[in-house]
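Structure first, commentary second.
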């Protein structure tokens, strides 16, 4: 059966209806899953295996049969560990049907079909009894239901239900407990992902300061966690204000409560500063004594231990509702509130001479409802976008370029989402400035946010917002004037891959009849760049696993490969490479150019060539990014900032995701000892706005 799926094309802006097979969603799910990453997580697998062996032994020592319940079995790996450790029987629950089917095949291939029953249901639907899915309750509960935030995938309600209906009282649990740790920090870099800082502009008539509206200034933001590879955050980018403290822990061997609650700890800052951010991570003890421990602690907490790279569990950045100045040694209370799926934080100062009774009273002040964005900016812009708007050196490039092209009689139209360019153009002397914001959600238009912004800076009558799409622009929108300067960053909230922002070119084409004959377009052009790289770790997410802790999981490898070939095989995927170190094996190469001074051509833009490998290494893939040429000698890169040393270590734009095209034959390229070349063909289809690419080693 075929289904028609509607989607807005991020590059051309048009609405499309695509015919998709019934398997499309499933293939997307598998192709983009993190199963391979988990199977490559040696530390996790070894610790789970040790914990499972120990739990089975404890049950056997009591003279009982070891009956295991494995919720969210995935490949069936943990159930096979239990069976090989001597468990008498395992019930492996997996709600995702294709995954459950794969688990059945993997279990059979490894010879455990008589010991493991795979149940394709949600655990809350599993029945127990003579005619049920499970003959009896289990006495060992094994799960891996955690995300970076620990509880974001519904671990708490799942455990709560399992203890009530599926496992015996006093059961063994692997993991036995989880503990969440926090540390209070000051970080201008991370705070710039939540707040919009004032922008300073040197205009003809003195310095202008662009300020965010007060509702944005006081907004608590959105409750969703910011999960990142904190091990890639240099210590120079934050300052720790407290020691690491234990926030809360959950014992999985006892009944678990999922209802909303809060936890509170007392802190004393180890130095004075501005408390802005709570950094958080967790660890799990696989056994009651805590001898088998798996931790997500970042590099500065456990500097002696070798760090296990993983992408399925990272670390959390939480933004406090407001910045709090704190003094070394003063008494503070940090409160973690949580519901079933998420956590958020509040910081309060202890009152003078506070005693235990006052502390109890303090608890009544805790706001247990989760933060809600009131200013709309946090709903429209993601955190990297806040960082980008706060990047002063980037803003100064646009100011420098605008100075070159603006005149006192300029009629300027800006096409970009939530951009500061219209205000910059106004302050730099343009006579008339209009702007179009093209992104919108079902809840509201971005115009409301923009109106508040203009109002805060007394610019309501200076900059006009056009509430029309480019193809519907009329002369009356422009007060019957022709556009002399068309500007864009370009940035659109619908863009996922670097070239999706070429939507600016399509918008420019749509408004071409409104442009003056000698109109300037800024940026004047864009170029697509490419480089061959070796990843330190990111390659694992696309690498076959083969044998995992002695179990054959090649069925899973094949399944991922089939799903990648279904649609994704010739596509790049977006990754923020500042979080994923790699080294360049080739020089960066410009492969396609897009001339914004002309309209989008009818024909495809194609290129082919080869790129020479300069260093020995494993060619894991190609990284692609865009550069925008604003004016003579002024460019903005969304990708490579510099290659920093002889080894080819790369520095990437931290506000953008780059496109990564993983080579399917990494295994072959690994054995090439001498540098060689990679040939490529890249095709930009101007009708669909899609880029197809192919590489051969």
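Numbering (my numbering), first residue to last: 112 to 808.
Idealized CB from N, CA, C, for every residue including glycine.
If we call anything under 8 Å between Cβ atoms a contact, is residue i one with residue j?
i           : j           : result
residue 338 : residue 259 : yes
residue 545 : residue 517 : no
residue 181 : residue 217 : no
residue 601 : residue 614 : yes
residue 68  : residue 443 : In the structure displayed, the chain extends from 112 to 808; residue 68 sits before or after that span and is not available.
residue 686 : residue 771 : yes
residue 67  : residue 717 : Because the chain here runs from 112 to 808, residue 67 falls outside it and cannot be looked at.
residue 531 : residue 491 : no
residue 594 : residue 627 : yes
residue 584 : residue 558 : no
residue 519 : residue 540 : yes
residue 123 : residue 749 : no
Name the DSSP beta bridge partners of residue i, please?
i           : result
residue 455 : 448
residue 356 : 293
residue 790 : 721, 807
residue 320 : 311
residue 795 : 716, 802
residue 181 : 203, 253
residue 646 : 693
residue 404 : 396
residue 338 : 427
residue 542 : Per DSSP, none; premise fails for residue 542.
residue 772 : 733
residue 385 : 436
residue 747 : 739
residue 235 : According to DSSP, residue 235 bridges with nothing at all.
residue 258 : In DSSP, residue 258 forms no bridge with anything.
Rounded to whole angstroms, how far is the Cβ of residue i from the Cβ of residue j, which I believe are closer than 8 Å?
i           : j           : result
residue 210 : residue 185 : 6 Å
residue 237 : residue 285 : No, residue 237 and residue 285 are not in contact; Cβ-Cβ is about 19 Å, not under 8 Å.
residue 702 : residue 641 : 5 Å
residue 737 : residue 639 : 6 Å
residue 152 : residue 343 : Residue 152 to residue 343, Cβ: 18 Å. No contact.
residue 596 : residue 697 : Residue 596 to residue 697, Cβ: 37 Å. No contact.
residue 330 : residue 489 : 7 Å
residue 670 : residue 213 : 5 Å
residue 359 : residue 428 : That belief does not hold up - the Cβ atoms of residue 359 and residue 428 are roughly 18 Å apart, past 8 Å.
residue 451 : residue 261 : Not confirmed; about 12 Å, so no contact.
Compute the Euclidean distance between the alpha carbons of residue i and residue j, then round it to the nearest angstrom.
i           : j           : result
residue 508 : residue 747 : 8 Å
residue 808 : residue 789 : 5 Å
residue 767 : residue 256 : 30 Å
residue 680 : residue 574 : Its pLDDT being 49, under 50, residue 680 is placed unreliably in this model, and the value from its coordinates should be taken loosely. Residue 680 and residue 574: Cα-Cα distance of roughly 45 Å.
residue 438 : residue 295 : 13 Å
residue 793 : residue 775 : 17 Å
residue 487 : residue 587 : 29 Å
residue 562 : residue 725 : 52 Å
residue 229 : residue 663 : 17 Å
residue 280 : residue 225 : 26 Å
residue 801 : residue 275 : 51 Å
residue 345 : residue 333 : 25 Å
residue 571 : residue 533 : 12 Å
residue 355 : residue 293 : 6 Å
residue 312 : residue 512 : 13 Å
residue 552 : residue 247 : Low confidence applies to residue 552: its pLDDT is 48, below 50, so where it sits in the model is not reliable, and the reading given next is rough at best. Distance between the alpha carbons of residue 552 and residue 247: 49 Å.
residue 503 : residue 745 : 15 Å
residue 791 : residue 715 : 16 Å
residue 125 : residue 621 : 12 Å
residue 324 : residue 564 : 5 Å
residue 529 : residue 580 : 15 Å
residue 742 : residue 619 : 17 Å
residue 188 : residue 416 : 26 Å
residue 156 : residue 404 : 12 Å
residue 368 : residue 396 : 19 Å
residue 278 : residue 578 : 58 Å
residue 298 : residue 192 : 43 Å
residue 690 : residue 762 : 10 Å
residue 176 : residue 282 : 12 Å
residue 431 : residue 495 : 18 Å
Examine the Cβ distances between the segment 152-166 and the segment 189-205 and report whether three or more of them are shorter than 8 Å.
Flag = yes, the segment 152-166 and the segment 189-205 touch.
Are at least three pairs of beta-carbons, each pair with one atom in the segment 663-676 and one in the segment 618-635, less than 8 Å apart?
These segments do not touch.
For the 8 Å Cβ check, are there 3 or more pairs between the segment 312-325 and the segment 356-363?
no
Check whether the segment 414-429 and the segment 374-385 touch, using three or more Cβ-Cβ pairs below 8 Å as the test.
no
Tell me whether the segment 300-314 and the segment 386-405 touch, counting them as touching only if at least three CB pairs, one residue from each stretch, are closer than 8 Å.
yes
Three or more C-beta pairs below 8 Å linking the segment 646-661 and the segment 696-711
Because the criterion of three Cβ pairs below 8 Å is not met, the segment 646-661 and the segment 696-711 do not touch.
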